[in-house]
Structure formats: C-alpha cells, structure tokens
Amino acid sequence: MDLGDRSLLLQRLVAAGLVVLLVPIFVAIGAVADESPVRVDEPAPRTIFAERLVQVTDDEATETARRTAAESVEPVLTPDGEAQSAIVRDVREVFVATREVSEPETDGSGPVSSPPSPRQQREALSVLEPDLDEDVVDALVGLSGSELDMVERETISIAQELARQRVAEEDVEDLLAETLPVEFALRNLPGDAATRITLPVLEQYMRPTVTVDPDATSAARERAAESVEEVTETWRPGEVIARAGDVVTPRQARAVEELGLTGGGPWRAWLAATAAMLLVSGVAGIYLSRMQPVVWVTGKKLLLLALLVVSYALLVVGVTAVVDATSAGWLFAVPAGALAMLIALLVHPVIGIATMLPASVLVLLVRPDAGSVALFAAIVVLLSVPLTTTIAKRSDLRSATLRAGLSYPLVAAVVVLVFGPRDELWVAVAAGAVNGLVTALVVQGALPFFATMFRLPTVTALLDLADRNHPLLRELETKALGSYNHSVMVASLTERACRTIGADPLLGTVAGLYHDIGKVRQPHFFIENQQGIANPHDELEPRVSATIIQNHVIDGVEMAIEHRLPPEVVACIGSHHGTMLVSYFYDKAVRAAGGDRAAVDEAAYRYRGHKPRSKEAALLVLADCSEATTRAMAMSRGTLPREDIESTVERLLQERLDDGQFQECDLTFRELTAARDTIVDSLVGIYHPRIAYPPRPQPGEAGGDPQPSEPASTSVTAPPGG
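Residue numbers for the sequence shown follow my numbering, so the first one is 823 and each next one is one higher.
Printed below as a string of structure tokens:
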C-alpha cells in the first residue's frame, strides 16, 4: 500500500469515526433531559408532550365507579307467601282468642259456670296474646258481640289488603302510615276501635311481604358493575402530559410509559445511536464504492459528507430541544432539505438523494415515535435535490432554495393530515415554513464556506472563478494579454463542447480560463505575447526552449494550488497538454542532429503533466490545440474555409488519439465526435470570411467624400459576414 492509499484509508476511517463517535454523543447529550426517569409522586424532570394519541385507564377510579354502580342496585326482592299468610292468620287469631276468653267453661253437655268477668277475660286474653298492649286487650274485651264481629271483619279485610302488597322491611311503617288513615276513613268501625284495636293490631302483626334474593341481587350488581366503562384519561397529540416540576400522578406515569418516554439514562440512547451509525456508515461505504467510486476515492469529499451529517445531527437535537419546550409539531423544522441540497451541490446529486437514509434515521434516533417527521425528511430530500441539477448562476441557486422552501409547509401539511398528529397541523405548517427559510439561509450561506474550505468546484465557487476580476486572470491579462485572449476563446470552445456531450460547462469554462496561467512567469517566450519583440527562442537550444514551454504547465499547477483553486480545475491545468511532444522544438532538435531521431531523447520533449482524467479536461485539450492552431493559420492566411478548419481539428484529434492521450478519461468516440463537430462550428463562426471594405477617400481627393463608401462585395467569394 503506497502513501496515497494510506492517506485515503485514513481519511475514510476519520470520516466514519466522525459519524460513529460524534453523532451518538450528540444524541446522548440531547437525551440527558429526555432520558431522565419519570417516577410516580416525584416532580417531572421535564415537560412531556403527547406525541401521539394516548389513553390511560385509571384502575383505581374504575374500581370505585364499578363499586358505586353495584351498590346503587336495589336488592332483588321475591314475594314471601308465608309472611303474607302469617299476617292474616295472626290478626284472625287475636279475635279468635278474644271470643274464646269471653265464653263460659263447658263439660260437653253445656256450660258449667257463668261467663267470666271482664277482669278474667283480660287476664286470659293477655295470656293468649302476650304481644298485645293492655289498652288493646281492654278495648277488645269491652266490645259487644256484634261490635267484635264488625271490628274483626274490617281488620282482617285490611290485613288481607296489606298482605297482598309487596312490602319491604324498611317500608312497613311508611305503608301503614299512608294506608291505614285512608282505610279507616272508608270503613265502618265502631267508636274508637280503629285507633284502639285495628291500628295497634296491624302494627303488631304487619311484617315484610317480600324477601331479598341474594343470588339475583348479586347477579344484578355484577351486571351493573360490568356495565360501567373504564375510567380513562386521554391526551391528544401535542397536549402536555406532565409539566416540569409538577408531581407525576400514576395516570401520567402510565401515559409516559406507553409513549416510551419514561427514560433510562443517556447510555441507552448512545448505544442505539452508535449501532445505527455503524449500520449507516457500512451501508454508505458499500453504496459509494459501488455506485459513486469517484466520491469513494476522494477523501476530502468523504470528510465533508461526515461533517455535514454530524452538523445535521446537531441541528436535529437542537430542534428537539425546542420541541420539548413548545409543541411536537415543531419537529417538522428539521433541515433535511438543507442537508440534501448541500451534499448535492458539494458532492453529487446522487449522493444528495441517498441522504434520505441518515436524514430519516437521525430523526428516529432522537424521536423514536416521530415516524411522520422521518417521512417528511425523506420527502423533502426527494423534492430538494432535483432543484440543484439545473443551477448555472447565482439566481438559479436562490430560485432553487426558494422553491424548495415554499414546498416544505405543503409537504408538512399533507404528512400531518395523512399520518397525524392532525391537532398539530398549523404548528407543522409553521415549522415547515421556518424549515424553508432556514434551508435557504443555510444553503446559500454555507455553500461558499464549504466550497472554499474543501476546494470543491461548486456552482458558486466556479462562478467566482469565472469572474474576470479574479487576481489570477487580472495578472494573466496584464502580463500575457495574448495568452489571456487565447484563454477566453478556449473557455468558450470548451463550454460549448461540454454542453454538447453533457459534461459540466461551468467547469469547462473555468478550466479554459485558467489553463495557461503558468505563462505569466515567462510570458514573452510564447508567440501570442511577442508583439513587437524578437522571438527569444531564436537564441536558445531546442532543449532549453522545450523546457520553458513545458514549465508553463507546472507553473500553472503551482499557481492554482497557491490560490486554492479546486483540484478539478488544477487537474485540467496539469493535463491540458497531456504528455504530448513539444513537436516544434523536438523537430528542431532532430534537424540539428542531422535527422537522426535516435540521437534526440523524445521523453525530454514531452510535457511533464498527466493525461486528462475527466471529460472536461479532455475537451480542454482538444479546444486548446484547435484554437491555437487555427489562430496561427488564420494569421498567415487571413481567412479559413470550413474544410480547412475541419481537417485541422480532425488531424489534431487523431494525433492525440494515436498518442493515447484520452486513455484515462471516460469519453466515448461518439462524445469525441460530437465535441469535435461543436468545436469546428465554433471556429468557423470565429474565422468566417468577411467583406473587404476599401479605404475611405480623404476629403479633397478625387472622388473624395466624407461619407463611407459601399463595401466591395467582389473581394471575397463568400457571402458578407458580420
């Protein structure tokens, strides 16, 4: 393994280490508050929001409600036939006993003594009916036979009426109090018999006519308890379950537990994040090595990817902190679109699309139940990256970030309406709007910073380099005006060729502008800068002249690195002549050696750069030699027909193909042919024939006229040009 491979391996390990080590640390730091355990009857360590609908059953309250419902069920009563019969029987026996004590004793043939005295009757009746009061006994004994019959008949009748009613034990007194006055008013009772006899007798012998059915009562109470629904407490998405500092109730603790927010210490979050980042890093490594090998072998881009992912993780944790203090809907402010657009512009659009994975995973790591926000992050990545593929100027960048930002509130609204929480709709829309604003600011602000820091050929970086006021271009214009004009033409040719085959036209333009900056160190050794002076090569050995010509490539690379030009531009400068021969001085050396090519070291006359390795660099090679050669031809001939330009460009292309200059780039023959035709068309447009205008006669000369003369259309065979 050489030094370059070791350096690349180290950069890959550092990039993976940044993601695997720093992201879990940020997640764990963010989880310090979120992971503080929530315990019953203790102050809540943080304000906890319901991130989805959660319903908790209160077992204690449910049990109390069911017990109350069961107790409210009246006992199930059944008729007591024995009690009903006993009421009438006991009342009848009172009157039977009264008659019995009033009759004289008999021996079977007739009375043997006189009727008992009232006193004897009272004594005898008290013995037979010990439950009767003396006043009742006196009243009974004092009745005549007909009165006794009347009182007996009415009292038994009332007793029968009472016995037929369903009377519970607690209702006996109320029934008597309500019924007897009415009965007494309707019935014909002698004297005060109603109050002295009937009332106390019925009060004495009236009893409940129903009994409680324990089995039926128990069943009824069980049914009543079962009919009571569970006592629950519901929190809708975004509602506060427990505020920081408030004592946590059992119901709140259960709600937090169901949401998975009870906490368990940041170590659990750190372990989960570490495992997830190991997985993401592994998948990213496989994906890049197979799908984007150019990025996989570019260590600085891998480091940039890692830095952007770590920065995004930090932003997600920050948004979560805002959510903890406000509402769950603000999670839609996670800047996944900014991450995707930066990666698409700085690295590659395909890699930008692939950021769906870390963008979503990081959201779920910080908020495991925020599935809708993870989906939102994936959608905005898909929406944002395509907007970066057509950026060719700064206004395009502003337009892209504006369109992306305007779409975020709409996406947030749709996701919330479909997947919830719907109560957070307007908060989510506001968060999406903030997300769009943050994305515009971050992308436009961070893009130049990262482009300069990592020397990447982003659109903004290349636009800055294409500015003719750049110090290197100003120096080239000042010290080597001919080379500057040549570079401007080469930039135009390269840009058109790049557009034709789908390469990067902006990179081609910048490469064309800077490809000859090395000539500022010895400008007068190049023919385009030798206006009005002798050619210094006339006094030099061919080997020395060749070295001077070769050095402008090396000098250009050194100057580009000193001015921190992107490596892609530096590579184009270093390969704009490939490893071709400096043929003019090589042929001169061969002639000086008497035509013996073996006597001349060919390697010493080859450019010490490298062969082009990108499409833009290869097109620069063809545009550079084509422009220089056709310019020299035009200077000697005046005009160039299309056929001459076509044959010249074809010859130059074939020479470089034969010399293997395009072996290290991925240009196809179809692309080379298309680029060649585009360059020919451009050169024809530059060197097309023009109408020759005769000199203007001076005033006073024959035929003199201060007005311009008509063009002499016969001076050329081609039609008039511009």
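In this text, a Cβ means the ideal position worked out from N, Cα and C, and glycines have one as well.
These numbers were taken from a predicted model, which means no experiment stands behind them.
Closer than 7 Å: leucine 1474 CB and nearest the ligand SAM heavy atom: Here there are no bound small molecules, and the ligand SAM is not part of this structure.
Measure the CB-CB distance between alanine 872 and threonine 1031 and report whether it falls below 8 Å. Not closer than 8 Å, so no.
Kindly indicate which three-state DSSP category phenylalanine 871 falls into: helix, strand or coil? Correct three-state label for phenylalanine 871: strand.
Would you report the Cα separation of glycine 1482 and alanine 1425, rounded to the nearest angstrom? Roughly 15 Å between the two C-alpha positions.
Suppose the cutoff is 7 Å on Cβ atoms and the five residues either side in sequence are ignored; what does the same chain contact list for leucine 1462 look like? Cβ within range, chain order: Thr1452, Met1455, Ala1456 and Tyr1509.
Given a cut-off of 8 Å on the beta-carbon distance, is the pair alanine 1411 and valine 1422 in contact? At a Cβ-Cβ threshold of 8 Å, alanine 1411 and valine 1422 count as neighbours.
Checking the sheet assignment: what are the DSSP bridge partners for leucine 1403? Answer is Arg1428, bridged to leucine 1403.
Using C-beta distances below 8 Å, list every residue in its chain close to threonine 1054, excluding the 5 sequence neighbours before and after it, in chain order. Same-chain partners within the cutoff: Gln877, Val878, Thr879 and Asp880.
Quick one: give me the first and last residue of the alpha helix (DSSP H) that proline 1036 is part of. Taken as a continuous stretch (DSSP letters only), the alpha helix (DSSP H) holding proline 1036 covers 1036 to 1048.
Provide the residue(s) that pair with threonine 1033 in DSSP beta bridges, ordered along the chain. According to DSSP, threonine 1033 bridges with Thr900.
Measure the CB-CB distance between alanine 1095 and valine 845 and report whether it falls below 8 Å. Contact flag set, yes.
Pull up the distance between the alpha-carbon of leucine 832 and that of leucine 825, whole angstroms please. Their backbone Cα atoms lie some 10 Å apart in a straight line.
At the level of alpha carbons, what is the spacing between glycine 1174 and alanine 1162? Each residue's alpha carbon lies about 5 Å from the other.
Consult DSSP for glutamine 1266 and reduce its assignment to one of helix, strand or coil. Three-state result, glutamine 1266: helix.
Within a Cβ cutoff of 6 Å, which residues of the same chain sit near valine 923, ignoring the five residues on either side of it in sequence? The residues are Gln943, Ala946 and Leu947.
Could you give the DSSP three-state label for glutamine 906: helix, strand or coil? Note: glutamine 906 maps to helix in three-state DSSP.
Collapsed DSSP secondary structure at isoleucine 1222 in the structure displayed: Before going on, a small fix: residue 1222 reads as alanine here, not isoleucine. In the structure shown, alanine 1222 adopts helical secondary structure according to DSSP, grouped into three states.
What is the rounded straight-line gap between the Cα of glycine 839 and the Cα of valine 1195? Straight-line Cα distance between these residues: approximately 27 Å.
Own chain partners of proline 1388 with C-beta closer than 7 Å, once the 5 adjacent residues on each side are dropped: Within the same chain, and ignoring the five residues on either side of proline 1388 in sequence, the residues whose Cβ sits closer than 7 Å to its Cβ are Arg1277, Leu1278, Pro1279 and Ala1283.
Is the distance from the Cβ of phenylalanine 1348 to the Cβ of glycine 1254 below 8 Å? With a cutoff of 8 Å on beta-carbon distance, phenylalanine 1348 and glycine 1254 are scored as not near each other.
Jot down the residue ranges of each uninterrupted alpha helix (DSSP H) in the segment 1180 to 1264, minimum 4 residues, whole runs only, in chain order. If we require 4 residues or more, the alpha helix (DSSP H) runs fully inside the segment 1180 to 1264 come out as 1193 to 1206 and 1216 to 1241.
Using the C-alpha atoms, what's the distance from valine 1139 back to valine 1379? Approximately 43 Å between the Cα atoms of the pair.
Proximal residues to glutamate 1532 (C-beta, below 8 Å), its chain only, five neighbours per side dropped: Per-residue confidence for glutamate 1532 stands at a pLDDT of 36, beneath the threshold of 50, marking its modelled position as unreliable; the derived number appears in the next sentence. A distance below 8 Å between beta-carbons, with the five flanking residues on each side excluded, links glutamate 1532 to no residue of its chain.
For the pair the segment 1237 to 1244 and the segment 1264 to 1275, tell me if three or more CB-CB distances fall below 8 Å. The segment 1237 to 1244 and the segment 1264 to 1275 do not touch, with fewer than 3 CB-CB distances between them shorter than 8 Å.
Tell me, please, whether the segment 999 to 1016 touches the segment 956 to 974 by the rule of three or more beta-carbon pairs shorter than 8 Å. Remark: three or more beta-carbon pairs, one from each stretch, lie closer than 8 Å, so the segment 999 to 1016 and the segment 956 to 974 are flagged as touching.
Looking at the strands, I want to know which residues DSSP matches up with glutamine 877. Answer is Thr1056.
What distance in whole Å lies between the Cβ atoms of arginine 1419 and glutamine 1372, which are believed to be in contact at a cut-off of 8 Å? Contact between glutamine 1372 and arginine 1419 does not hold, since their C-beta atoms are separated by about 19 Å, which reaches or exceeds 8 Å.
Is there contact between the segment 1061 to 1073 and the segment 906 to 914, where contact requires at least three CB pairs shorter than 8 Å? A contact is defined here as three or more CB-CB pairs under 8 Å, and the segment 1061 to 1073 fails this definition with respect to the segment 906 to 914.
Span separating the alpha-carbon of glutamine 781 from that of isoleucine 1395: For residue 781 there is no data in the structure shown, the boundaries of the chain being 823 and 1544.
Nearest to alanine 891 by CA position, among Arg1043, Leu1110, Leu1002 and Ala981, is which residue? Selected option, being the one with the closest Cα: Arg1043.
Based on Cα-Cα distance, which residue from Thr1142, Val1119, Val1116 and Leu1168 lies nearest to leucine 1129? Of Thr1142, Val1119, Val1116 and Leu1168, the residue nearest in Cα terms is Leu1168.
I'd like to confirm the pairing. Which residues does DSSP put opposite proline 865 in its beta bridges? Note: proline 865 sits in a beta bridge opposite Val1069.
Count the other C-beta atoms from every protein chain shown that fall within 10 angstroms of the C-beta of methionine 1028, then say buried if there are 16 or more, exposed otherwise. Under this definition methionine 1028 is a buried residue.
Selection from Ala1064, Ala887, His1432 and Glu882 that minimises the alpha carbon distance to proline 867: Closest by alpha carbon: Ala1064.
Member of Thr1033, Glu882, Gly1151 and Val849 whose CA lies at the smallest distance from the CA of valine 1249: Cα-wise, what sits closest to valine 1249 is Gly1151.
May I ask which residues mark the beginning and end of the alpha helix (DSSP H) holding alanine 1454? From DSSP, the alpha helix (DSSP H) with alanine 1454 extends over 1437 to 1459.
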